[in-house]
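Presented below is the structure to which this report refers.
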DNA sequence: AATATTATTTAGACAAATCTAAATAAATAA
DNA sequence: TTATTTATTTAGATTTGTCTAAATAATATT
Ligand SMILES: [Mn+2]
Ligand SMILES: [Mn+2]
Ligand SMILES: [Mn+2]
Ligand SMILES: [Mn+2]
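Chains as they are written, first to last, in the UniProt record's numbering: chain A, 1 to 219; chain B, 1 to 219.
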C-alpha cells in the first residue's frame, strides 16, 4: 500500500482525532488539517477505496485495522525524528513538530529502525507522547492526569497535550519541561487558575487553560 | 523563492549535467530525471519564469546565478544526509542516494546547518563528492584523475563518478572504498582492462568501464 | 541542396489534490 | 412537528506535474 503525503497526513490526523473508538467528523478533520470539508470528503472516498478507513456518507470516519497500522508507522517516524532533532541536533521542543511533519514522510523501514536504534530506542518523544515500536506497539503510558485535576500536591510533568508553539514557548519561559517537579500551592476557584512552585523558584499562577494541557503524575 | 520537489529535482539535475558552463539539452535532462522530453520543456518554461534558468526554445538550458545558488543548497542537503546515513546510521554507500533523494527536500536552513555541525562539518560525502558550505562554497577538490588515466603506480581512491548501486556493490565486493590504496600491476591493451592489487590481496582485473569511474590520486 | 533523421516543442489529455458555490441531509430549536 | 441552523456532500473549476501523439525545428546524410 503506497500512500501519498496527503493520504498519510489524513490517516495520521484521523488517528489523532479518533482517540480510542470514536468517529471522526468531516469538519473536525478539515479543521485539524487546515483544509476544507469538501476536500476531506474527496479524500475519504479515496481512503475508503484503499480500505484504510471505514466511511459511509454522513456517518463519519474511523480507521480500519490496516489504516491504524499505517497511522502507527507514521506516528512512529514522526516521534523518532522529533527525538533526533531534540536529542542530537539540540532543537527545542517547540521547533520540532513542523520539521517532523515533513521527515515523517520518508518511508523506509530500514531508516526508521536504524534511527530508532541510533537514538537508543526511545519510548517517549520530546512532548511526552509514546513512540510505537516497529510492530506498532506502544508502551502503555504510566497513569497521568492533567494538572487541573491532580489531587496530589507534589507532581512531575510527564507530557503536554497541546503542542502549539505558543504553549511550549510559555512553558519554556516558566522553566517547565518534561520531568520538571511542581508543587501545587493553591487553587483559585474564581477562574480555576492554579498557583504552583517550580523547583525552588517563587510561585507562579497559571490559567486553567494551561493547566488542562500539562499532564502530571505524583512524584 | 519557494520551490516544489519537482522543481528542486530539475534544478539539481541541471546543475549535475551542466558541469562548468555547458548547455543542458532537453533529452539529456529527461533521461537523467527518468521523465519525458515534453515534461522537461514544460518545466523549463516554469523555471525560466521563476528566473532560475536561462532558456530559449531549442537552445538548451543553463542555470541562472539564482538557480545555481538554489542547486548548491539542495546538493548540500543531499550530501549531508548521505553522510548522516553512513556515519551515524551505518548505511552502506550504495544505499544512501535514494534516501537522500527524499531527505534533501526538507528545506530548513537551521536543520541543515545543525546537521552539518552534528556531523563535524564534513567537506566530502560518502562517494567522495564535495559538500557545499552554508554559502554554497565547496572546497576545491584535490587534483584527481580517473583510474584508467592514472600514471602513478601507487594510488588512493578519492571518489566514484558513477554512483549506481551496481558499481558500488561491485566495489564493495572487491574491498574498494574511499581511501583504499591500490597498486597498478598491468594495463591490458586489448580491452583497456587494468590489473590492480588492493592492499595485500591477490591482484584482480577490472574493466575499463569500472576504471573510468574510480577517481584516484597518487599516494 | 534536398532528404532523412533526430531533437524539441506544442496540443491536448489525465490524475492528484485542492477549492468555491450550490445542493442536500442531519441535527436543533421553536 | 415544522422551521431553522449546521454539517456534509456534490458539481464543477483550478493548479501542478506528468503523459502521448503530432507538428516543427535543427542536424546529419546522401
Ligand atoms: Mn506530515
Ligand atoms: Mn511530539
Ligand atoms: Mn530529490
Ligand atoms: Mn553522494
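Cβ coordinates follow ideal geometry from the N, Cα and C atoms, glycine included.
Could you tell me if the beta carbon of residue 27 (chain B) falls within a distance shorter than 8 angstroms of some heavy atom in ligand 1? Stepping through the second chain from its first residue, residue 27 (chain B) is reached at position 27. No.
Helix, strand or coil at residue 155 (chain A) according to DSSP, with G and I counted as helix: The sequence position of residue 155 (chain A) within the first chain is 155, counting from 1. Residue 155 (chain A): strand per DSSP, three-state reduction.
Residue 74 (chain B) classed as buried or exposed, judged by whether at least 16 other C-beta atoms fall within 10 angstroms: Translated into the one-based positions of the second chain, residue 74 (chain B) becomes position 74. Under this definition residue 74 (chain B) is a buried residue.
Return yes when the Cβ of residue 94 (chain B) is within less than 9 angstroms of the Cβ of residue 182 (chain B), no when it is not. Position 182 of the second chain, counted from the first residue, corresponds to residue 182 (chain B). Position 94 of the second chain, counted from the first residue, corresponds to residue 94 (chain B). Against a cut-off of 9 angstroms, the Cβ pair of residue 94 (chain B) and residue 182 (chain B) comes out as no contact.
Tell me whether residue 105 (chain A), by its Cβ, gets closer than 8 angstroms to a heavy atom of ligand 2. For the purposes of this step, residue 105 (chain A) is taken as residue 105 along the first chain, with counting starting at 1. No.
Run the proximity test for residue 96 (chain B): is its beta-carbon closer than 8 angstroms to any non-hydrogen atom belonging to ligand 4? The sequence position of residue 96 (chain B) within the second chain is 96, counting from 1. Checking every heavy atom of ligand 4 against the Cβ of residue 96 (chain B), one is found closer than 8 angstroms.
Looking at residue 16 (chain B) and ligand 3, is the gap between the Cβ and the nearest heavy atom below 8 angstroms? Working through the second chain from its first residue, we reach residue 16 (chain B) at position 16. Because no heavy atom of ligand 3 lies under 8 angstroms away, the Cβ of residue 16 (chain B) does not count as near it: no.
According to the Cβ coordinates, are residue 77 (chain A) and residue 129 (chain A) closer than 9 angstroms? For this step, residue 77 (chain A) is matched to residue 77 along the first chain. For this step, residue 129 (chain A) is matched to residue 129 along the first chain. No, they are not a contact pair.
Grab me the residues of residue 134 (chain A)'s own chain with a C-beta within less than 7 angstroms of its C-beta, minus the 5 sequence neighbours each way, in chain order. Reading the first chain from its first residue, position 134 is the one you call residue 134 (chain A). For residue 134 (chain A), where only same-chain residues beyond five positions count, the Cβ hits under 7 angstroms are 113.
Using 8 angstroms as the cut-off, can you tell me whether the segment 5 to 16 of chain A makes contact with the segment 30 to 41 of chain A, which would need three or more C-beta pairs spanning the two stretches below that distance? yes
Alpha-carbon to alpha-carbon, residue 153 (chain B) and residue 190 (chain B): By 1-based counting over the second chain, the position of residue 190 (chain B) is 190. By 1-based counting over the second chain, the position of residue 153 (chain B) is 153. Approximately 20 angstroms between the Cα atoms of the pair.
Of the residues B:106, B:194 and B:121, which one's Cα is nearest the Cα of residue 87 (chain B)? Reading the second chain from its first residue, position 87 is the one you call residue 87 (chain B). Of the candidates B:106, B:194 and B:121, the one whose C-alpha sits nearest the C-alpha of residue 87 (chain B) is B:121.
Confirm, please, whether the CB-CB distance from residue 155 (chain B) to residue 219 (chain B) is below 9 angstroms. What you label residue 219 (chain B) is simply residue 219 of the second chain in a count that begins at 1. What you label residue 155 (chain B) is simply residue 155 of the second chain in a count that begins at 1. It is a contact, given that the beta carbons lie within the stated cut-off.
Starting from the beta carbon of residue 220 (chain A), find every residue of chain B whose beta carbon is closer than 8 angstroms, and list them in chain order. Outside the shown range of chain A, which is 1 to 219, sits residue 220 (chain A), and nothing can be said about it.
Skipping 5 residues on each side, what residues in its chain have a beta carbon closer than 8 angstroms to that of residue 148 (chain A)? Walking along the first chain from the start, residue 148 (chain A) turns up at place 148. Cβ within range, chain order: 192, 194, 208, 211 and 212.
Cβ closer than 9 angstroms: which chain B residues qualify as neighbours of residue 118 (chain A)? Looking up residue 118 (chain A) in the first chain gives position 118. Near residue 118 (chain A) (Cβ distances below 9 angstroms), the residues of chain B are 88, 89 and 90.
Can you tell me the Cα-Cα spacing of residue 141 (chain B) and residue 118 (chain A), whole angstroms? By 1-based counting over the second chain, the position of residue 141 (chain B) is 141. By 1-based counting over the first chain, the position of residue 118 (chain A) is 118. C-alpha separation (whole angstroms): 31 angstroms.
State yes or no: is the C-beta of residue 100 (chain B) nearer than 8 angstroms to some heavy atom of ligand 4? Position 100 of the second chain, counted from the start, is the residue given in the question as residue 100 (chain B). Residue 100 (chain B): yes, Cβ under 8 angstroms from ligand 4.
Determine the direct distance from the alpha carbon of residue 55 (chain A) to that of residue 27 (chain A), and round the result to whole angstroms. In the first chain, residue 27 (chain A) corresponds to position 27, counting from 1. In the first chain, residue 55 (chain A) corresponds to position 55, counting from 1. If I take the Cα positions, the gap works out to 14 angstroms.
Express the C-alpha separation of residue 145 (chain A) and residue 106 (chain A) in angstroms, rounding to a whole number. Start at 1 with the first residue of the first chain, and residue 106 (chain A) comes out as number 106. Start at 1 with the first residue of the first chain, and residue 145 (chain A) comes out as number 145. Those two C-alpha atoms are separated by around 34 angstroms.
Tell me, please, whether the CB atom of residue 108 (chain B) is closer than 9 angstroms to any CB atom in chain A? Taking the second chain and counting its residues from 1, one reaches residue 108 (chain B) at position 108. By this cut-off, residue 108 (chain B) is an interface position.
When you compare only the Cα positions, how much space is there between residue 125 (chain B) and residue 21 (chain A)? Mapped onto the second chain, residue 125 (chain B) falls at position 125. Mapped onto the first chain, residue 21 (chain A) falls at position 21. So the alpha carbons of these two residues sit roughly 48 angstroms apart.
Near ligand 5: residue 76 (chain B) beta-carbon under 8 angstroms from a heavy atom: Ligands present in the displayed structure are limited to ligand 1, ligand 2, ligand 3 and ligand 4, and ligand 5 is not among them.
Quick check on this structure: which residue in A:185, A:206 and A:214 has the alpha carbon closest to the alpha carbon of residue 200 (chain A)? As a first step, residue 200 (chain A) is located in the first chain; it is residue number 200 there, counting from the start. Comparing Cα-Cα distances from residue 200 (chain A) to each of A:185, A:206 and A:214, the minimum goes to A:185.
heavy atom of ligand 1 below 8 angstroms from residue 204 (chain B) C-beta: Numbered from 1 along the second chain, position 204 holds the residue referred to as residue 204 (chain B). Not so, every heavy atom of ligand 1 lies at least 8 angstroms from the Cβ.
C-alpha gap between residue 101 (chain A) and residue 41 (chain B), whole angstroms: In the first chain, the residue the question calls residue 101 (chain A) occupies position 101. In the second chain, the residue the question calls residue 41 (chain B) occupies position 41. Their backbone Cα atoms lie some 32 angstroms apart in a straight line.
Kindly list, in the order they appear in chain A, the residues whose Cβ is closer than 8 angstroms to that of residue 7 (chain B). As a position in the second chain, residue 7 (chain B) is number 7, starting the count at 1. Chain A residues near residue 7 (chain B): none, gap ~16 angstroms exceeds 8 angstroms.
Pull up the DSSP beta-bridge partners for residue 184 (chain B), would you. For the purposes of this step, residue 184 (chain B) is taken as the residue at position 184 of the second chain. Answer is B:196, bridged to residue 184 (chain B).
For the putative contact between residue 67 (chain A) and residue 11 (chain A), defined by C-beta atoms under 8 angstroms, what is the C-beta separation to the nearest angstrom? In the first chain, the residue the question calls residue 67 (chain A) occupies position 67. In the first chain, the residue the question calls residue 11 (chain A) occupies position 11. So it is a contact: roughly 6 angstroms between Cβ atoms.
Cβ of residue 79 (chain B) within 8 angstroms of any heavy atom in ligand 4? Working through the second chain from its first residue, we reach residue 79 (chain B) at position 79. Checking the Cβ of residue 79 (chain B) against ligand 4 gives yes.
According to DSSP, simplified to helix, strand and coil, what is residue 171 (chain B)? Here residue 171 (chain B) is taken as the residue at index 171 of the second chain, counted from 1. Three-state result, residue 171 (chain B): helix.
Tell me the rounded alpha-carbon separation between residue 180 (chain B) and residue 115 (chain A). For the purposes of this step, residue 180 (chain B) is identified with residue 180 of the second chain, where counting begins at 1. For the purposes of this step, residue 115 (chain A) is identified with residue 115 of the first chain, where counting begins at 1. Distance between the alpha carbons of residue 180 (chain B) and residue 115 (chain A): 28 angstroms.
On the DSSP letters alone, give me the boundaries of the beta strand (DSSP E) that residue 138 (chain A) sits inside. By 1-based counting over the first chain, the position of residue 138 (chain A) is 138. Note, residue 138 (chain A): premise wrong, no beta strand (DSSP E); not H, not E.
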